[in-house]
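Everything on this sheet refers to the single structure shown next.
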Amino acid sequence: MATRNPSLRSYSPKVKSLTIGDKLILYGDEASPPVRFVQMTAAILGINLDFRNINLFTGENKTEFYKNINPLQKVPCLMTHDEVLVDSHAIALYLCRRWDTEHVLYPQGDLAQAHCDEILFYNATTLFPIDSDIYTKFFAGIPASKERIEDWLKALDFLENRLKNHAWLAGDKMMLADICAVATISTVLCSIPLADHHVKLRRWLNDIEQQPFFNINKRGLERLMKFITAVKVGRFQQGRDVDQN
Numbered sequence: 027m028a029t030r031n032p033s034l035r036s037y038s039p040k041v042k043s044l045t046i047g048d049k050l051i052l053y054g055d056e057a058s059p060p061v062r063f064v065q066m067t068a069a070i071l072g073i074n075l076d077f078r079n080i081n082l083f084t085g086e087n088k089t090e091f092y093k094n095i096n097p098l099q100k101v102p103c104l105m106t107h108d109e110v111l112v113d114s115h116a117i118a119l120y121l122c123r124r125w126d127t128e129h130v131l132y133p134q135g136d137l138a139q140a141h142c143d144e145i146l147f148y149n150a151t152t153l154f155p156i157d158s159d160i161y162t163k164f165f166a167g168i169p170a171s172k173e174r175i176e177d178w179l180k181a182l183d184f185l186e187n188r189l190k191n192h193a194w195l196a197g198d199k200m201m202l203a204d205i206c207a208v209a210t211i212s213t214v215l216c217s218i219p220l221a222d223h224h225v226k227l228r229r230w231l232n233d234i235e236q237q238p239f240f241n242i243n244k245r246g247l248e249r250l251m252k253f254i255t256a257v258k259v260g261r262f263q264q265g266r267d268v269d270q271n
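Residue numbers 27 to 271, in the working numbering, belong to the letters of the sequence shown in order.
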């Protein structure tokens with residue numbers, strides 16, 4: 027039987043003191059789940075990020091300015107020590123390895139870390155690619171196909187099964203794996219609801235929504251919903267922010 031773990035609500039991280047060389051600049055758009063994943067990770071660990079908005083909907087990620095920072099033209103992108111990291115999973119792991127000295131989000135032990143990594147890789151290879159495909163087509167005027175929706179629900183079945191024996195995706199405490207997955211799952215939920223049999227996932231999601239750091243995710247979801255609504259009412263225009271329409 028799954029056991030409930032201590033909540034992060036009782037965890038009040040001290041804001042980390044960063045040296046000049048440690049200045050962390052995060053480029054991103056809060057509508058993006060990978061960006062929110064990094065932001066939530068930093069918030070839990072008490073790390074201040076210098077956030078630089080890159081508006082995906084107006085194509086700022088395609089500008090020469092941003093291409094010189096991240097040739098992949100994707101978000102998020104973290105700049106530190108004159109180095110650039112361009113994948114949310116790598117960025118979050120870097121933050122944990124550098125500042126999570128109390129192992130709040132990233133556990134100790136090879137096997138425990140492997141279980142956490144497993145979900146990070148599952149998000150990178152399965153969950154987020156489906157999310158990206160669904161919304162790329164949606165904003166191009168193509169609704170999600172029945173087959174794609176089935177792909178998504180089957181992907182969630184794996185996570186539902188993971189929660190049979192543990193309260194969280196990588197064990198008996200909330201970890202980086204949960205923060206990563208919830209950013210993607212909550213994004214797709216804006217368009218596709220959970221299946222009736224996703225009982226444990228619904229409980230898991232509710233538990234995370236009670237956490238203070240989830241307000242970061244809510245803010246990004248609200249931004250995304252503006253664009254989703256604009257598409258539904260015929261006000262969405264490629265290359266324009268909804269507030270400009």
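Note that beta-carbon positions come from the ideal geometry of N, C-alpha and C, so glycine has one too.
Residue from P169, D198, T210 with nearest C-alpha to A181 = The option with the nearest alpha carbon to A181 is T210.
request  = Tell whether a beta-carbon distance below 8 Å holds between P219 and F154.
outcome  = No, the Cβ-Cβ distance between P219 and F154 is not below 8 Å.
ask   = From this set, A68, P97, L250, L146, which residue's C-alpha is nearest T162's C-alpha?
value = Among A68, P97, L250, L146, the Cα nearest to that of T162 is on L250.
ask   = Using the C-alpha atoms, what's the distance from M66 back to P238?
value = Going from the Cα of P238 to the Cα of M66 covers about 10 Å.
key: Where the alpha helix (DSSP H) containing F154 begins and where it ends   = In the DSSP assignment, F154 falls within the unbroken alpha helix (DSSP H) covering 154-164.
C142 and A196 closer than 8 Å at C-beta = Cβ atoms of C142 and A196: closer than 8 Å.
task = Kindly indicate which residue of Q236, N74, L104 has the alpha-carbon position closest to the one of I80.
result = It is L104.
query = Would DSSP call V112 helix, strand or coil?
reply = Reduced to three states, the DSSP call for V112 is coil.
ask   = Which partner residues of I51 appear in the DSSP bridge assignment?
value = In the DSSP secondary-structure assignment, I51 is bridged to D76, M105.
request  = Report yes if the C-beta distance between A118 and C206 is below 8 Å; otherwise report no.
outcome  = Taking 8 Å as the Cβ cut-off, A118 and C206 qualify as a contacting pair.
request  = Spell out the partners DSSP gives W194 in its beta bridges.
outcome  = G197.
query = Whose C-beta lies closer than 8 Å to the C-beta of F164 among residues of the same chain, with five residues either side of it excluded?
reply = Same-chain partners within the cutoff: A170, S217, I254, V257.
request  = Please say whether I156 and R174 have beta carbons closer to each other than 8 Å?
outcome  = Against a cut-off of 8 Å, the Cβ pair of I156 and R174 comes out as a contact.
Cβ neighbour criterion (16 or more within 10 Å) applied to V259 = Exposed.
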